[in-house]
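All you need for the numbering used here is the position in the sequence shown, starting with 1, plus 34. Think of the CB as a built atom: it goes at the ideal place given N, C-alpha and C, for glycine as much as any other residue. Presented below is the structure to which this report refers.
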Amino acid sequence: MVYSIAWHFLRDRAAAEEIAQDVFLELHRSWRSMQSAQHIMFWLRKVASRRCIDVVRRRKAHRETGLEEIAEPTALERVQDTLLSSYLERMVGSLPEKQRILVVLRYQEGMEPEEIARILDMNVNTVKTQLSRALDLLRAKTAHRLHPEWSEST
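Structure (structure tokens):
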């Protein structure tokens, strides 16, 4: 799950592995404060999400075009249409950081907005609004790509 969040957010296998190692090392250090299995899951998602955002913020340049170069691990591949899968990966990868992590947690990890809000210390309505904006942005980018003449006439 930790690797999955990192990989789907960053699309960089080495960075995802490094984040996963760091998160589990931190879990080991914080083990005594863990209260239940649910607390551990919550904690892992929260720390993994924050580490992903931190990595992106530290990078000087965003490499949106590099997503095509990295193949998705076969164990995680769910979409049978590889062209559609690649296109969706690029579109999600082009979202701003906060919207991207929200989309990954909601649609890749299957988390509810209430869970996401707790993990990212956000208001539930803010999560819903940002998810809606992210989906609107993805729709607009897709429409622009499929019908460039539509954006020229507006």
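For residue i, collect the residues of the same chain with a Cβ closer than 6 Å to its Cβ; drop the 5 residues on either side in sequence, then sort them by chain order.
i	result
residue 172	125
residue 129	168
residue 41	50
residue 170	none
residue 90	131
residue 109	Reliability of the predicted coordinates at residue 109 is poor, the pLDDT of 44 falling under 50, and no value is obtained from them.
Would you grab the beta carbon distance between residue i and residue j for me? Rounded to a whole angstrom, and I think it's under 8 Å.
i	j	result
residue 53	residue 85	5 Å
On the criterion of 16 or more Cβ atoms from any shown chain inside 10 Å, does residue i qualify as buried, or is it exposed?
i	result
residue 127	buried
residue 145	buried
residue 55	exposed
residue 45	buried
residue 48	exposed
residue 164	buried
residue 83	buried
residue 92	exposed
For residue i, which residues in the same chain have their Cβ closer than 7 Å to its Cβ, ignoring the five residues on either side in sequence?
i	result
residue 43	86, 134, 135 and 138
residue 57	36, 78, 81, 82 and 85
Determine the closest residue to residue i out of the options, with distance taken between C-alpha atoms.
i	options	result
residue 36	156, 152 and 76	76
residue 60	176, 74 and 45	74
residue 176	116, 151 and 121	121
residue 156	68, 90, 132 and 116	132
Tell me which same chain residues have a C-beta within less than 8 Å of the C-beta of residue i, skipping the five on either side of it?
i	result
residue 66	none
residue 151	157, 158, 160 and 161
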